[in-house]
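Structure first, then comments.
Residue numbers (the numbering used here), protein chains in the order written: chain A, 78 to 614; chain B, 78 to 614.
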């Protein structure tokens, strides 16, 4: 059992009622992604007391974001890299609403995350003043746990319970709604930490069933997800694959994929259904370890939503809250007791010459990716060459867009950098998606974070052009076409970055991109490179 | 009865299933604030069919926004200026979530607005693919009407019903959730328009009761809101005030206030409770015409939420869905049959010299505000001098932040400009609020809109500093204080604007500001002026 060993600062002192939960193992700091910018007045709500309390709790690091979506995305990045919840401080229903899209992504990533939502004083809600709204309805859509303490004496227990709910495997968003009067009244007392359940052990019979499938002589596939995309799970799966001839694939959008030289290589299930179907091929036994049975991202006319091949049997080895790595190891010990995992050989692409394209940009990134880098990948259509180009780079973490709600990449990079001092963070970002939460750049500058953002500027919602025909919608005219283009005027991301204090440059050739990326990775603090690439075809 | 006279384009043709509702009186164009940018794939969802249909419906104007909050805020601005709903096109739950804060403001403004949310195909939802979420819970929090047609044959009737629900007095957000297969399947047929109820006439006895209060000899106050802030209501209220000695005040945050020379002047109820209490003074009869009984924006420790003075009787003359102007006119005809309204004299401040401050900036704006201007006011603390400085300017419309969810100003200006060709739009914007939906500038550039944005750059969340002590939270330390400051680094709004194709300049003196504002108002297309002002004290 993991235990929350401290919950400091939940004191009875007026003005510091709620304080940051800190979870075992203790980090030196717990990041609080704080947005203090929700007009027309924070004051009168609990957030001011939370903010005022920060000076009394040096373990807390307040990080100002200029938009709630940047705060919740940063909390997601922090949680993915540490396994411990950051707290995003949000202002009533509208503040929570602005943070919802990235809370949706965090929900899909199973990231432990604490959302603290300040609300009106309990007696004030009946007056329906302008900011009043249905907070609980919004919170319920993204949270594994929502609670609203009614009295100050309940706050500490509620906070401890929230943290426990957030970190309980597989992890999730816990939302603590704090009425203003509950924050500013006396009577609060510290609460003892709560135990956190460990991941559930997987019964022997499920491991045995998977082993039987692997011994059947029929084509088998291990589909990994969640914790299965980390080193222990990958190594166990690689042993199984080596010994039995089973293939292995990763889920399409893992929260955190440990990869690179020395780790077993694994392709991810394709985003496009027809490619995913080709990958699955003639598999007869699909063994799920932390991944869900494959499903089309969207429905298409006349196509099935489930991507499980006909006649294929699905075996659930381990799901979200289970001990996925343990189950894979038990399986490997059963079917591959003497087999070693197959590590990826070190390999980097040569630095390319010529035009900058999605493909040559990927080669540059593969050539220069530092050891221990953390990649926040929201490159979308421009990113299809990235996995192959970086497969043999030194070991690194790859974080993906888990819930499909764009605007995740820059905030996620921000939180990952706060969580991981000393590591290079690379945000690979599509232009259309970048604009959603562009103000995260300002927070990166303010906090001096070592993040290099690459904007793949193709000046279009390229994925829309690509997918249009697939749903049977024909766009012949100018009115519709213009809604898919990010032109007239073109966005100048170097100006946007400089406007927020981030040094920036623009690359139009592969050589320029390589030179700029090398410099950005070497210099401390954030940088942005606008990579001018042609639209995806 | 107003009638929706056309609902073109709701055809049975595949690929153009839903089309823009157009409401009587017919505009030449109905704006659709469209965001087409919600990855990872619009395709597969109904939005692509909506977009594809645009070329077949020339009455529709598709306006691309780079973030849903910009789309919903623009739809709000369009609806406030026309009384007719624009449609904001949103992508599943996360797209709706991003648009929620400005839908909250629209809800408080009673703006007629149609939110069209594309959803997964009906059969696909059970597979819980990454973008699946509880759309209905989110929509319910801001909408007067939510419906999800289950078959293509139901779409047209649902769309007509949505428009009717949106425009039914006092107006609201109607949300039409469109599953992808309902969009792409055949079988849809055009639906006849639905009648829209007129505002409810106010019974004679309510007018009589207000008249009796006015004749009581005791201090009376007319509190106006909603349609009462337009010329007919203001003129009737002015007649009443002239004849009876009653005072008049406007609600704190009107959706649209018609004001300036030739219109009756009216102060608005103060945002800060103690000032509002002083304005209300010893009033014994408070007559509500479109406004709600005054309530503190936030609760404060030991202070009441209701601002109605002790011993004051509240008389409801007319509320939201009522014929507010008609009720005020009936009241005026009863108690002031021979009295004329008192128009504001034309008066402009002299152009100031010296430092640029909130006060001198307001004087410059008052000196230069063009006739027929539309002001989108999200200036917050920097804006306290604006009402007095512009009171005698030529007639203009003043749009305020109705729901307290910041990030409204730039999108609202965008939609107001689309709705009002030939009129100058002035967005007065606090720096902290501007960053929420800054990408609205790109849409302004793309559409060539005559909008001048003034950023009051005080480099702080000034209102937080102001209000901090009021709630009993003491901020002594650097950690807390730094969360109230927009510095380190300072935002360069001129760079941000240029990055989105909007010409921009910076003013540090009153003379510079005057010169730049004059030029921006004279030149076509959008402009931005960063007004460097000291923090609010």
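Backbone N, C-alpha and C fix where the C-beta goes; we use that ideal spot for every residue, glycine too.
Among the residues of chain B, those whose CB is under 9 Å from the CB of residue 566 of chain A are 519, 522, 523, 577, 578, 579, following chain order. Counting only residues of its own chain and dropping the five nearest sequence neighbours on each side, residue 200 of chain A has a CB closer than 8 Å to the CB of 258.
Residue 184 of chain A is classed as buried because its beta carbon has at least 16 other beta carbons within 10 Å across all chains shown. Around the CB of residue 352 of chain B, fewer than 16 other CB atoms lie within 10 Å, so the residue is classed as exposed. A direct Cα-to-Cα measurement between residue 173 of chain A and residue 419 of chain B gives close to 45 Å. Non-local C-beta neighbours of residue 175 of chain A in its own chain, meaning closer than 7 Å and more than five positions away in sequence, comprise 144, 145, 146, ordered along the chain. For residue 171 of chain B, the enclosing alpha helix (DSSP H) stretches over residues 169 to 186. Here DSSP, grouped into helix, strand and coil, assigns residue 383 of chain A to strand. Annotation for residue 196 of chain B: the continuous beta strand (DSSP E) segment containing it runs 190 to 196.
A Cβ-Cβ separation of about 19 Å leaves residue 389 of chain B out of contact with residue 412 of chain B under the 8 Å criterion. Residue 582 of chain A has A:606 as its beta-bridge partners, per DSSP. For the C-beta of residue 512 of chain A, the chain B residues within less than 7 Å are, from N- to C-terminus, 143, 144, 516.
Judged by their CB atoms, residue 255 of chain B and residue 194 of chain B are nearer to each other than the 8 Å cut-off.
Between the alpha carbons of residue 363 of chain B and residue 290 of chain B lies a distance of about 9 Å. Residue 395 of chain B is classed as buried because its beta carbon has at least 16 other beta carbons within 10 Å across all chains shown. Contact of residue 247 of chain A with chain B by beta-carbon distance below 9 Å is absent, the smallest such distance being about 15 Å. At least one CB of chain B lies nearer than 8 Å to the CB of residue 217 of chain A. Within the stretch 347 to 416 of chain B, the complete alpha helix (DSSP H) segments at least 4 residues long are 350 to 357, 401 to 412, listed from N- to C-terminus.
If you ignore the 5 residues before and after residue 302 of chain A, its C-beta comes within less than 6 Å of the C-beta of 328, 367, 368, all in its own chain and listed in chain order. Under a criterion of Cβ atoms nearer than 8 Å, the residues of chain B adjacent to residue 258 of chain A are, in order, 376, 378. For residue 200 of chain A, the nearest CB of chain B lies under 8 Å from its own CB, placing it at the interface with that chain. Three or more Cβ pairs drawn from the stretch 603 to 611 of chain B and the stretch 520 to 538 of chain B lie within less than 8 Å of each other, which places the two stretches in contact.
When secondary structure is reduced to three states using DSSP, residue 324 of chain B falls in the strand class. When rounded, the separation of the alpha-carbon atoms in residue 509 of chain A and residue 473 of chain B is 36 Å.
Residues of the stretch 478 to 501 of chain A that bring their beta carbon within less than 9 Å of a beta carbon in chain B comprise 478, 479, 480, 481, 482, 483, 484, in sequence order. Taking the CA atoms as reference points, residue 275 of chain B sits about 52 Å from residue 371 of chain A. Neighbours of residue 185 of chain B in chain A, taken as residues whose beta carbon is under 8 Å from its own, are 207 in chain order.
If you ignore the 5 residues before and after residue 595 of chain B, its C-beta comes within less than 8 Å of the C-beta of 445, all in its own chain and listed in chain order. Per DSSP, residue 595 of chain B lies in no beta strand (DSSP E); the unbroken alpha helix (DSSP H) holding it starts and ends at 587 to 599. Closest in alpha carbon position to residue 326 of chain B, among B:306, B:320, B:227, B:429, is B:306.
Not one beta carbon of chain B lies nearer than 8 Å to the beta carbon of residue 303 of chain A. In the structure shown, residue 345 of chain A adopts extended strand secondary structure according to DSSP, grouped into three states. Annotated three-state conformation of residue 336 of chain A is strand, per DSSP. Annotation: the continuous beta strand (DSSP E) that includes residue 533 of chain A extends over 528 to 534. Residue range 473 to 477 is occupied by the beta strand (DSSP E) that includes residue 477 of chain A. Counting only the Cα atoms, residue 163 of chain A lies some 30 Å from residue 406 of chain A.
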